[in-house]
Amino acid sequence: MNALALAVLLAAPAVAEPPVEVYTLEEALHKASRNSPELQIAEHDIRISEQRVLEAKFQFYPEVGLQALAARYNAHYPFSLRPEFRNILLFPSNRSNIYSGQAYATLSLYEGGRHINTLRLAETALKQARARLDSARLDVSFETRRAWFSYLLAQEKLAATEELLGQLDRASARAAAGLDGLRSEALAAQLRSDAASEAHERELARLDFLRVLNRELDTAAKVSGALQSEPADVDLRRALLWAVELRPELQAQTYRTHMDAIAVNLALGRRTPSVLLGMDYELTGQTFPLRQNNWDATVGVRLPFSFDFWTQHHQRLSEQRQSEVRRAELRDQIQLEVRRAYADLMHWQAEWPRREKDWLTLKELGERAGAAPGSPAWLETAKLVLDARKRLLESIAQHASARARLERAVGRALPAP
Numbered sequence: 024m025n026a027l028a029l030a031v032l033l034a035a036p037a038v039a040e041p042p043v044e045v046y047t048l049e050e051a052l053h054k055a056s057r058n059s060p061e062l063q064i065a066e067h068d069i070r071i072s073e074q075r076v077l078e079a080k081f082q083f084y085p086e087v088g089l090q091a092l093a094a095r096y097n098a099h100y101p102f103s104l105r106p107e108f109r110n111i112l113l114f115p116s117n118r119s120n121i122y123s124g125q126a127y128a129t130l131s132l133y134e135g136g137r138h139i140n141t142l143r144l145a146e147t148a149l150k151q152a153r154a155r156l157d158s159a160r161l162d163v164s165f166e167t168r169r170a171w172f173s174y175l176l177a178q179e180k181l182a183a184t185e186e187l188l189g190q191l192d193r194a195s196a197r198a199a200a201g202l203d204g205l206r207s208e209a210l211a212a213q214l215r216s217d218a219a220s221e222a223h224e225r226e227l228a229r230l231d232f233l234r235v236l237n238r239e240l241d242t243a244a245k246v247s248g249a250l251q252s253e254p255a256d257v258d259l260r261r262a263l264l265w266a267v268e269l270r271p272e273l274q275a276q277t278y279r280t281h282m283d284a285i286a287v288n289l290a291l292g293r294r295t296p297s298v299l300l301g302m303d304y305e306l307t308g309q310t311f312p313l314r315q316n317n318w319d320a321t322v323g324v325r326l327p328f329s330f331d332f333w334t335q336h337h338q339r340l341s342e343q344r345q346s347e348v349r350r351a352e353l354r355d356q357i358q359l360e361v362r363r364a365y366a367d368l369m370h371w372q373a374e375w376p377r378r379e380k381d382w383l384t385l386k387e388l389g390e391r392a393g394a395a396p397g398s399p400a401w402l403e404t405a406k407l408v409l410d411a412r413k414r415l416l417e418s419i420a421q422h423a424s425a426r427a428r429l430e431r432a433v434g435r436a437l438p439a440p
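Sequential numbering of the sequence shown, starting at 24, is according to this note's numbering.
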C-alpha cells in the first residue's frame, strides 16, 4: 500500500510555479495608476461634481409636469380633496365619479442670487475635485518611484553580496587553521549574515512594492532596470515658486476658500425675496370628454423671515476665515517640504560622485594588492570593496528618491542640467 502511494506521488505532475512578474519603472507606473484606489475615488469625485453642476444648471429651467386623477365620491355637502390631489372641490351630485388632468410649469424668476451662487459653488467644487485628482496622481507617481528604487536597491545589494559569496565558494585557497582560518571563517560568516539580512530587506521591499501596485501580496514579482539617477539643476527660489503655482493641494484649498466665500453669499441670499412664476392648465369633469377647462398664470413673491439667519451667516464667515488660515498653513507646509526635499537632493547629488570615486579607488587598490582568493587578506579587501559598492548603490537610490520627492513637492518634473 505504501509502495503504491509512493508510486502515485512520484507519477503525479509537479505543480507549476506561478510566473514571475517583472516590472520596469514605466510598467510599474502604469500598473500603479490603473490599480490605485485613490485615483479611482478621485475620478468618481469628478463625476459626482459634474452631475452636481448639471443639477445646479437645471435650477434655471422651469419645473414642468403632468398630473391626472380619477376619484369616486359620495357628497352630502361640498368638500375638497386632499392637497396631494390639488384640493379639487366636490359638490353633491347624482354622479359619483370625477376626472381631472393638469399640466403645470413653475419658474423661479428671482432668488436673490441663490441659484447663480449654487452654480458657482458646484463649478468650484468641480475644480477642487480635479485638483485632488492631480494630487492623487502625483502621490501615486512618487510612491511608485520610491518603492521601485527601494526594491531595486535591495535586489542589487543582495546580488552583490551573493556574488562575493559565490567567489568565496569557488576559491581554492583557504586557510585551514590558525588565526588566518579564524579570520577567514569570521569574514565568511559575516557575509552570510549580511546576505540573510539583505534577503529579508528585499522581501520587505517586495511587499511594499506590491502594496503600492495594489497587487496580491503573494505575487512573485521583481523589478528590472539599472539603478541610476540623473543630476538636477534647480534653484531653490524657483522651486518654491513652482510649488506655490503648481501644487494641486494648494489649488484645492484655494477653491475651498472660494467655496466658503460663496457660502457666505448664499447665507445672505436667505433674507432676499423670491419671485416665482406659475402656469397651470386643467381639465376637470364627471364625464368624458372633459370640457371644463381652467388655466392660470400667477406671479408670487415670497419674503422669508428666518430667525436663524444671523447664526448661519456668522458660521459661514467663520468657515471662510478657517479656510484662509488653512491655506496659509498649507503654504508654509509646502515650502518646508520643498526646502527639505531640496536639501536631500543637494546632499545626495554631492555625495553620490564622492562615493563612486571611493569605490573605484578601493576596487583598483584591491586589484593591485593581488591577494590569493579565499585568503583573509583577499576577504578583507573584497569586503571593503563590497561595502563601498553598497554605499554607492545606496547613494544612487537615495538621489533618485530625493529627486522624485522634490518633483512631488514642486508639482512638476525637474529640468536636466
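Glycine included, every Cβ here is placed at the ideal spot set by N, Cα and C.
The C-alpha of E417 lies about 7 Å from the C-alpha of L176. In the assembly as shown, Y100 is an exposed residue. Its beta-carbon has fewer than 16 other beta-carbons within 10 Å. Shown here, R118 sits in coil according to DSSP, grouped into three states, outside any helix or strand. In this structure, S72 lies near L149, with their beta-carbon atoms less than 7 Å apart.
DSSP places T307 within a strand segment (E or B) once states are collapsed to three.
Here N316 is bridged, per DSSP, to L306. Scanning its chain for C-beta atoms nearer than 7 Å, with the 5 sequence neighbours on each side dropped, one finds around E146 the residues V76, in chain order. In the three-state DSSP reduction, T404 falls in the helix class (H, G or I). Shortest Cα-Cα distance from R377 to any of K406, H422, S398 and L340 involves H422. DSSP lists no bridge partner for A51. Secondary structure of V322 (DSSP, three-state): strand. Going by beta carbons, L113 and A98 fall inside the 7 Å limit.
Looking at the backbone, the Cα of L388 and that of K380 are separated by about 12 Å.
The three-state reading of DSSP puts E253 in coil, since its state is none of H, G, I, E or B. One Cα belongs to E226, the other to A255, and the distance between them is close to 31 Å. Just so you know, the alpha carbons of E239 and L250 end up roughly 25 Å apart. A straight line joining the alpha-carbon of G88 with that of A128 spans about 7 Å. In the three-state reduction of the DSSP assignment, Y365 falls in the helix class, which pools H, G and I. Comparing alpha carbon positions, the residue from L210, V267 and Y96 closest to L402 is L210. The Cβ atoms of A284 and Q343 sit closer than 7 Å to each other. Of the residues assessed, G323 falls on the exposed side of the cut-off, its CB having fewer than 16 other CB atoms within 10 angstroms. Comparing C-alpha distances from S56 to each of E374, N288 and D157 shows the shortest one belongs to D157.
E221 is not a Cβ neighbour of L188, given a cutoff of 7 Å.
When T404, L383 and T384 are compared, the shortest CA-CA separation from G393 is found for T404. Around L437, the same chain offers A255, V257 and E430 as residues with beta carbons nearer than 6 Å, after the five sequence neighbours per side are excluded. Spanning the alpha carbons of R349 and G124 requires a straight line of approximately 56 Å.
Per DSSP, the continuous beta strand (DSSP E) segment holding V45 begins and ends at E44 to Y46. Contact between the region 131 to 142 and the region 304 to 311 is absent: fewer than 3 CB-CB pairs across the two stretches fall below 8 Å. Residue range E86 to R95 is occupied by the beta strand (DSSP E) that includes L89. Put simply, of V246, L144, S131 and N110 the residue whose alpha carbon is nearest the alpha carbon of A79 is L144.
Boundaries of the beta strand (DSSP E) harbouring A244: A244 to V246, taken from the DSSP string. Cβ-Cβ distances below 8 Å link D217 to T184 in the same chain, with the five nearest sequence neighbours on each side left out; the list follows chain order. Counting C-beta pairs with one atom in each stretch, the region 165 to 174 and the region 103 to 113 have fewer than three that are closer than 8 Å, which means they do not touch.
In this structure, the beta-carbon distance from A425 to W371 falls below 7 Å.
Secondary structure within the region 206 to 287: the beta strand (DSSP E) runs of 3 or more consecutive residues, fully enclosed, are 244 to 246 (chain order). For the set D241, S173, L130 and A65, the Cα lying nearest the Cα of L300 is the one of L130.
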